[in-house]
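**Student:** Numbering (the working numbering), first residue to last: 120 to 202.
We treat Cβ as the ideally placed atom computed from N, Cα and C, and that holds for glycine.
In this text, all values refer to a predicted model and were calculated from it rather than measured experimentally.
Attaching a single structure in structure tokens format; questions to follow.
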């Protein structure tokens, strides 16, 4: 499965439907790779944004601590998925 990240200067974004697919059906390896990329951007003072189909920000994360908290939510979601 392919997941597309969009880079603009120091920031990275992902489409909301792509993020949902990654979280719900993506492999652990895919999620870990995307996570590492996003962390790298955040560590360099960039931002991570999840965008809707109209390129509007649904969620904007600016710090590694905020992202780690968000990833804890993702981990809990993945643990509740059937399968």
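Helix, strand or coil: how does DSSP classify residue 130 here?
**Tutor:** Reduced to three states, the DSSP call for residue 130 is strand.
**Student:** Pull up the distance between the alpha-carbon of residue 143 and that of residue 197, whole angstroms please.
**Tutor:** Cα-Cα distance, rounded: 6 Å.
**Student:** Taking 7 Å as the limit between beta carbons, can you name the residues of its chain near residue 135, skipping five residues before and five after?
**Tutor:** Cβ within range, chain order: 169, 170, 171, 177.
**Student:** Using 10 angstroms around the beta-carbon of residue 148, count the other beta-carbons present and answer buried if the total reaches 16, otherwise exposed.
**Tutor:** Burial call: exposed.
**Student:** Could you check where the alpha helix (DSSP H) with residue 154 kicks off and where it finishes?
**Tutor:** Run containing residue 154: 147-162, per the alpha helix (DSSP H) assignment.
**Student:** Pull up the distance between the alpha-carbon of residue 189 and that of residue 151, whole angstroms please.
**Tutor:** For residue 189 and residue 151, the distance between alpha carbons rounds to 14 Å.
**Student:** Looking only at its chain, what residues have a beta carbon closer than 7 Å to the beta carbon of residue 179, apart from the 5 residues adjacent to it on each side?
**Tutor:** Correct list, in chain order: 166, 168.
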